[in-house]
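Following: one structure in structure tokens, then a few remarks.
There are 2 protein chains.
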Amino acid sequence: MSTPAAQQPSPQLFFQTVNAHQRTEALKAAVELEVFTAIAEGNQTAADIAKRVSAAERGVRILCDNLCIMGFLTKSDDQYQLTPDSAFFLDKRSPAYIGGATEFLLTPMLTAGFQSLTEAVRKGGTAISEEGTVSPDNPIWVKFARGMAAMMMMPSQQIAKLVDPQADKPLKVLDIAAGHGMFGIAFAMNNPNAEIVAVDWSNVLKVASENAQKMGVGDRHRLIEGDAFDVDFGNDYDVVLLTNFLHHFDPPTNETLLRKVHAALKPDGRAVTLEFVPNDDRISPPETAGFSLVMLAGTKAGDAYTFAELDKMLTNAGFKRSTIHPLPPGFQQIVISEK
Amino acid sequence: MSTPAAQQPSPQLFFQTVNAHQRTEALKAAVELEVFTAIAEGNQTAADIAKRVSAAERGVRILCDNLCIMGFLTKSDDQYQLTPDSAFFLDKRSPAYIGGATEFLLTPMLTAGFQSLTEAVRKGGTAISEEGTVSPDNPIWVKFARGMAAMMMMPSQQIAKLVDPQADKPLKVLDIAAGHGMFGIAFAMNNPNAEIVAVDWSNVLKVASENAQKMGVGDRHRLIEGDAFDVDFGNDYDVVLLTNFLHHFDPPTNETLLRKVHAALKPDGRAVTLEFVPNDDRISPPETAGFSLVMLAGTKAGDAYTFAELDKMLTNAGFKRSTIHPLPPGFQQIVISEK
Numbered sequence: 593m594s595t596p597a598a599q600q601p602s603p604q605l606f607f608q609t610v611n612a613h614q615r616t617e618a619l620k621a622a623v624e625l626e627v628f629t630a631i632a633e634g635n636q637t638a639a640d641i642a643k644r645v646s647a648a649e650r651g652v653r654i655l656c657d658n659l660c661i662m663g664f665l666t667k668s669d670d671q672y673q674l675t676p677d678s679a680f681f682l683d684k685r686s687p688a689y690i691g692g693a694t695e696f697l698l699t700p701m702l703t704a705g706f707q708s709l710t711e712a713v714r715k716g717g718t719a720i721s722e723e724g725t726v727s728p729d730n731p732i733w734v735k736f737a738r739g740m741a742a743m744m745m746m747p748s749q750q751i752a753k754l755v756d757p758q759a760d761k762p763l764k765v766l767d768i769a770a771g772h773g774m775f776g777i778a779f780a781m782n783n784p785n786a787e788i789v790a791v792d793w794s795n796v797l798k799v800a801s802e803n804a805q806k807m808g809v810g811d812r813h814r815l816i817e818g819d820a821f822d823v824d825f826g827n828d829y830d831v832v833l834l835t836n837f838l839h840h841f842d843p844p845t846n847e848t849l850l851r852k853v854h855a856a857l858k859p860d861g862r863a864v865t866l867e868f869v870p871n872d873d874r875i876s877p878p879e880t881a882g883f884s885l886v887m888l889a890g891t892k893a894g895d896a897y898t899f900a901e902l903d904k905m906l907t908n909a910g911f912k913r914s915t916i917h918p919l920p921p922g923f924q925q926i927v928i929s930e931k
Numbered sequence: 593m594s595t596p597a598a599q600q601p602s603p604q605l606f607f608q609t610v611n612a613h614q615r616t617e618a619l620k621a622a623v624e625l626e627v628f629t630a631i632a633e634g635n636q637t638a639a640d641i642a643k644r645v646s647a648a649e650r651g652v653r654i655l656c657d658n659l660c661i662m663g664f665l666t667k668s669d670d671q672y673q674l675t676p677d678s679a680f681f682l683d684k685r686s687p688a689y690i691g692g693a694t695e696f697l698l699t700p701m702l703t704a705g706f707q708s709l710t711e712a713v714r715k716g717g718t719a720i721s722e723e724g725t726v727s728p729d730n731p732i733w734v735k736f737a738r739g740m741a742a743m744m745m746m747p748s749q750q751i752a753k754l755v756d757p758q759a760d761k762p763l764k765v766l767d768i769a770a771g772h773g774m775f776g777i778a779f780a781m782n783n784p785n786a787e788i789v790a791v792d793w794s795n796v797l798k799v800a801s802e803n804a805q806k807m808g809v810g811d812r813h814r815l816i817e818g819d820a821f822d823v824d825f826g827n828d829y830d831v832v833l834l835t836n837f838l839h840h841f842d843p844p845t846n847e848t849l850l851r852k853v854h855a856a857l858k859p860d861g862r863a864v865t866l867e868f869v870p871n872d873d874r875i876s877p878p879e880t881a882g883f884s885l886v887m888l889a890g891t892k893a894g895d896a897y898t899f900a901e902l903d904k905m906l907t908n909a910g911f912k913r914s915t916i917h918p919l920p921p922g923f924q925q926i927v928i929s930e931k
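Given below as structure tokens:
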């Protein structure tokens, strides 16, 4: 660990990291003010953008310069332009617009978890409250359902095609903690004979139901309101979806739920788990493994579980065999488990 | 601006940026808990580190995994190690320790400026108060003086050597808005015949004075308490230091101060300005140009001024000629102006 003379110690990473919160706030301000949409509409100078977004020219100039530095815009001769990614994802008129995700990802309850991270490390779990983000009927999950639907479009379609590639037989799908409902809805869109049963708290299910109507599959989308740990799932499911759910809880809690899932499946049914699954080293791939910090900040005992850990929970709950599948270009993985 | 088929649109930068605040909080927690110092002392497993810092093993494991992902630690066989930079800058026992800078850089008044950035862009200046961070006797400057002294050691020595390379003649130095006092103190340490007069609010000058005593130059370090715009500087200075001061104000305000500086100098005296001086495009170099956002968030009308802008203010105030000098490996520049 010696430092060669040629390579002076540098405080650069320290500064970039201490100041990283500034980049979050700059992006949030740009989304809130619709700066990307204003530029997409043809406003390219700080003065024109400022007029369109009802802000001060000085404020817009400094914000846009920083968006260039951060890689969201380019600039030549005092004219700002969108990068291809910004045009695709951050112009409000784009069907792939994901700016709305900031409302969930930066909702005060989630950021409060990070602001009290020192205490969470001391305690070994969230410092915001006893239950953290998974308290019953927590309104953040309505924000989640509203803000994250657009972003989940692509992975939800990938999963439906992976799990039901023929799409030529009736398929009964249980969508646990459905949220925006997009994962179940993708199965219904992929297969005209699929029927979806979505479970979530009633305030959240309203969003899932709206989305099912919008996507034209409302007649094959039923609802079970309540807590996934308490409600009666029914039975004879071909597929049970557990998308971004297990990471909120400790292994014994997950095993309890997985036994209930196992019982609700047909003899040849499958559980489909979407998770951030890091390698055994727990530090790679970076975006996947880093999700553990979100769980430390926001939950009592959740985690980004390795495949070995998930496999053990699934095996303990009675599943025969589990396999893991990547979902490029995203950072999550799918675990498919046979009853 | 077409997107080739080979290069799919990616939301990766959007996510990294929305979540960037998490990295700030992780580093802050690690500094507060003295995790780096604990590892430097030989604690390498999550269990041992947790014991040393009085925290939960689960919390420490997740935090340290994320510090690996962020580049502050390495990990092999569940043992954590410091990188050379972390050992140099973040072990509390190191003379180059800069962890204390988080207390100033993340002080609630500064982060509040960023949390209200949307409003600051609308308004064209800080939304936290009329005067922002430069209100009289603002206690954040005591935090600044305490937290940033260690970090300024290297640039202050570079500047003293650049401005007074012979160091063989009496030198009367005025250190405006001295803060921790390190810039003036470096001149006194570089030249045994240098005498320093430090100007700042009285609460801040206590820190500068303590540092001068500690560095053994207290007998050549005098104080003028008060606002740099109001106090009588005296005259016949060889050098006037303006370190990280002009960026807080608009050009007319700076010109008023610079005229006063000009009057306080000997006929062959020089003003020495330390600033973040971006290129004319205002977006490069990234770390330098990005400082404009800190000024938008925290001040009414401050900025990261280009050399052309600084040169104009200095010329309007009566200075004959200004030259700019880099201070590698830092992100700031020195402007030396002849009376």
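Read top to bottom, the protein sequences are chains A and B. Position 229, counted from 1, in the first sequence is what this note's numbering calls 821; the numbers after and before it change by one each time, with no gaps. Position 152, counted from 1, in the second sequence is what this note's numbering calls 744; the numbers after and before it change by one each time, with no gaps. Yeah, the Cβ is synthetic: ideal placement off N, Cα and C, and Gly gets one too.
Query: Below-8 Å beta-carbon distance, residue 613 (chain B) vs any chain A residue; Result: yes
Query: C-beta neighbour in chain A for residue 658 (chain B), strict 8 Å; Result: yes
Query: The ligand FMN heavy atom lying under 7 Å from the CB of residue 850 (chain A); Result: Absent from the structure shown: the ligand FMN. Ligands present: none.
Query: Beta-carbon gap between residue 972 (chain B) and residue 760 (chain A) smaller than 8 Å; Result: Here chain B comprises residues numbered 593 to 931, so residue 972 (chain B) is not present and cannot be evaluated.
Query: Short Cβ contact (8 Å threshold) for residue 875 (chain B) with residue 885 (chain A); Result: no
Query: For residue 747 (chain A), the first and last residue of its enclosing alpha helix (DSSP H); Result: 732 to 755
Query: The segment 821 to 841 of chain A in contact with the segment 852 to 863 of chain A per 3-pair CB rule at 8 Å; Result: yes
Query: Minimum Cβ-Cβ distance from residue 640 (chain A) to chain B less than 8 Å; Result: no
Query: Contact set for residue 630 (chain B): own chain, Cβ-Cβ below 6 Å, skip 5 residues either direction; Result: 641, 644 and 645
Query: Proximal residues of chain A, C-beta to C-beta of residue 902 (chain B) below 7 Å; Result: Chain A residues near residue 902 (chain B): none, gap ~17 Å exceeds 7 Å.
Query: Distance, residue 733 (chain B) Cα to residue 766 (chain B) Cα; Result: 19 Å
Query: Backbone CA spacing between residue 652 (chain B) and residue 710 (chain A) [nearest angstrom]; Result: 10 Å
Query: Closer than 8 Å to chain A by CB, residue 744 (chain B); Result: no
Query: Chain B residues whose Cβ lies nearer than 7 Å to that of residue 617 (chain A); Result: 706, 707 and 709
Query: Boundaries (first-last residue) of the beta strand (DSSP E) holding residue 930 (chain B); Result: 925 to 930
Query: Residue 714 (chain A) at chain E interface by Cβ criterion, 8 Å; Result: No chain E is part of this structure, whose protein chains are labelled A and B.
Query: CB contact below 8 Å: residue 647 (chain B) versus chain A; Result: yes
Query: N- and C-terminal bounds of the beta strand (DSSP E) containing residue 633 (chain B); Result: Taken as a continuous stretch (DSSP letters only), residue 633 (chain B) belongs to no beta strand (DSSP E), as it is neither H nor E.
Query: Residue 600 (chain B): contacting residues in chain A (beta-carbon distance under 8 Å); Result: 921
Query: Near-chain A residues of the segment 882 to 894 of chain B (beta-carbon distance less than 9 Å), N- to C-terminal order; Result: 882, 884, 885, 886, 887, 888, 889 and 893
Query: One or two residues paired with residue 867 (chain B) in a DSSP bridge; Result: B:925
Query: Minimum C-alpha distance to residue 708 (chain B) - residue among A:617, A:858 and A:730; Result: A:617
Query: 8 Å contact criterion, which residue 842 (chain B) and residue 893 (chain B) should meet: CB distance rounded; Result: 4 Å
Query: Residue 789 (chain A), enclosing beta strand (DSSP E) - first and last residue; Result: 786 to 792
Query: Residue span of the alpha helix (DSSP H) that contains residue 903 (chain B), given as start and end; Result: 899 to 908
Query: Touch test, the segment 717 to 728 of chain B against the segment 901 to 914 of chain B, Cβ-Cβ under 8 Å, three pairs minimum; Result: no
Query: Residue 787 (chain B) versus residue 797 (chain B) - alpha carbon distance; Result: 16 Å
Query: Beta bridge counterpart(s) of residue 914 (chain B) as assigned by DSSP; Result: B:929
Query: CA nearest to the CA of residue 534 (chain A), picked from A:611, A:660, A:669 and A:689; Result: There is no way to answer for residue 534 (chain A), as the model of chain A reaches only from 593 to 931.
Query: Partner residues on chain A for residue 677 (chain B), Cβ-Cβ distance less than 7 Å; Result: 601, 602 and 605
Query: Span of the alpha helix (DSSP H), counted from its first residue to its last, around residue 678 (chain B); Result: 676 to 681
Query: Start and end residues, beta strand (DSSP E) containing residue 668 (chain B); Result: 665 to 668
Query: C-alpha distance - residue 792 (chain B) paired with residue 745 (chain B), whole-angstrom precision; Result: 19 Å
Query: Beta-carbon gap between residue 648 (chain B) and residue 610 (chain A) smaller than 8 Å; Result: no
Query: Classification of residue 754 (chain A) by the beta-carbon crowding that lies within 10 angstroms, buried from 16 upward; Result: exposed
Query: Which listed residue (B:928, B:806, B:771 and B:695) has its alpha carbon closest to that of residue 607 (chain A); Result: B:695
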